[in-house]
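So the protein lines, in turn, are chains W and Y. The UniProt record's numbering puts the last residue of the first sequence at 148; the count rises by one with no breaks. The UniProt record's numbering puts the last residue of the second sequence at 148; the count rises by one with no breaks. Inspection log for the structure reproduced underneath, given as structure tokens.
There are 2 protein chains.
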Amino acid sequence: MSRRKPANDGPCPVARSVDVIGDRWSLLIVRDAFDGTNRFGDFQRNLGVARNILSDRLRQLVEAGILETRPASDGTAYKEYVLTERGESLFPVVVALRQWGERHLFARGERHSRLVDRKTGEPIPFMAPKAGNGDALMPGEAEVRKLT
Amino acid sequence: MSRRKPANDGPCPVARSVDVIGDRWSLLIVRDAFDGTNRFGDFQRNLGVARNILSDRLRQLVEAGILETRPASDGTAYKEYVLTERGESLFPVVVALRQWGERHLFARGERHSRLVDRKTGEPIPFMAPKAGNGDALMPGEAEVRKLT
DNA sequence: TCAATCAGTTTCAATTTAAAACCAGATTGA
DNA sequence: TCAATCTGGTTTTAAATTGAAACTGATTGA
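Here it is in structure tokens:
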């Protein structure tokens with residue numbers, strides 16, 4: 001069941017990232033993990049994903065160093081899945097997807113969940129790439145240099 | 001061939017985004033489009049994707065309003081695929097994936113392509129979510145409020 | 001002790017993907 | 001001009017992936 005890929009070794013970081021997390025379920029598992037979900041059964045119920053697929057994706061995410069398992073914090077003999085440092089660093093990816101979705105995938109007036117600062121309750125400001133001088137960077141103003 | 005999904009109508013923007021672009025090829029097509037690729041054959045050769053799959057994904061991206069077709073700019077009777085405004089607004093998503101990949105998916109010293117400011121040649125600074133006051137926002141400091 | 005829960009694994013059918021062959025219209029070159 | 005080639009697909013078929021459900025075995029709670 002678990003995918004054995006030739007392991008993308010190309011020079012494009014986007015391609016490598018997509019290779020690791022560019023999968024419908026993997027990304028949603030990571031999102032739920034940011035939200036505090038960490039038990040197999042909770043992921044399964046939240047996502048409605050088939051158990052075998054969930055099992056496979058959790059294994060891949062652990063192998064990729066994005067999640068790790070540890071003994072369940074409720075003292076039972078079960079284990080739980082938590083984001084590693086590497087997994088936590090996917091935060092900008094999830095936030096970018098969230099912000100794009102909020103802007104483009106909801107009708108005006110349609111309700112959606114919102115990401116807020118836990119401390120102040122304020123919504124998180126829009127995140128976008130900036131040039132070195134701090135100005136907003138439009139897509140056309142950036143370019144990919146091969147193999148720097 | 002083209003996928004007919006029940007169209008995700010849940011409240012989570014991340015889930016809706018993933019539903020639209022959370023696919024290995026779709027994301028890479030968008031990346032290439034940012035890079036200036038716009039012809040069917042060029043996408044096909046760059047990505048090495050099967051023609052039927054590419055055909056399907058391009059159709060989905062056009063339906064989703066991320067790409068649009070227009071007469072080829074070289075004056076031939078062919079058409080080309082270009083990012084719409086909605087498509088261009090995926091820039092932060094692609095940048096986030098790129099930056100995560102650069103940091104975590106290359107061995108130290110291993111070369112990779114780099115995103116630079118076309119004007120200055122400087123690499124694009126790291127992009128991360130900020131709190132309302134401008135401070136960096138750690139994942140634990142944010143929380144999802146259901147249905148605001 | 002015993003039923004229910006948890007975390008998977010197995011099985012098998014249905015869907016999706018990939019590779020290759022095929023095709024029509026547009027373009028090019030002799 | 002008209003044959004060869006190129007472009008942008010579609011079709012076909014096999015292989016891989018997914019999903020639903022049944023099954024398993026350990027763990028828990030009463």
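Cβ atoms here follow ideal geometry from the backbone N, Cα and C, with glycine treated the same way. The structure presented is a predicted model; accordingly, all values stated were derived computationally and were not measured.
Just tell me which of the options has its CA closest to the CA of residue i.
i, options, result
"residue 124(W)", "92(W), 15(W), 71(W) and 105(W)", "92(W)"
"residue 130(Y)", "122(W), 133(W) and 26(W)", "122(W)"
"residue 21(Y)", "89(Y), 120(Y) and 35(Y)", "89(Y)"
"residue 132(W)", "138(Y), 119(Y) and 133(Y)", "119(Y)"
"residue 61(W)", "46(W), 74(W) and 28(W)", "28(W)"
"residue 139(W)", "145(Y), 115(Y), 134(Y) and 144(Y)", "115(Y)"
"residue 77(Y)", "126(Y), 134(Y), 117(Y) and 39(Y)", "39(Y)"
Using the beta-carbon count (16 or more within 10 Å), is residue i buried or exposed?
i, result
"residue 31(Y)", "buried"
"residue 33(W)", "buried"
"residue 97(Y)", "buried"
"residue 52(W)", "exposed"
"residue 147(Y)", "exposed"
"residue 102(Y)", "buried"
"residue 9(W)", "exposed"
"residue 16(W)", "buried"
"residue 19(Y)", "buried"
"residue 37(W)", "buried"
Are the Cβ atoms of residue i and residue j separated by less than 7 Å?
i, j, result
"residue 104(Y)", "residue 11(W)", "no"
"residue 63(Y)", "residue 72(Y)", "no"
"residue 128(W)", "residue 136(W)", "yes"
"residue 57(W)", "residue 25(W)", "yes"
"residue 42(W)", "residue 144(Y)", "no"
Along chain W, which residues have their Cβ under 9 Å away from the Cβ of residue i?
i, result
"residue 88(Y)", "138, 139 and 140"
"residue 98(Y)", "12, 13, 14, 17 and 144"
If the cut is a Cβ gap below 8 Å, which residues of chain Y does residue i touch?
i, result
"residue 61(W)", "Ordered by position in chain Y, no residue passes the 8 Å Cβ test against residue 61(W), which lies about 13 Å from the chain."
By the criterion of Cβ-Cβ separation under 7 Å, what are the contact partners of residue i in chain Y?
i, result
"residue 101(W)", "13, 14, 16 and 17"
"residue 91(W)", "129 and 139"
Check the Cβ of residue i against every Cβ in chain W and list those closer than 7 Å, keeping chain order.
i, result
"residue 34(Y)", "139"
- request: Inspect the CB distances between the segment 81–95 of chain W and the segment 58–72 of chain W and report whether three or more fall short of 8 Å.
  value: yes
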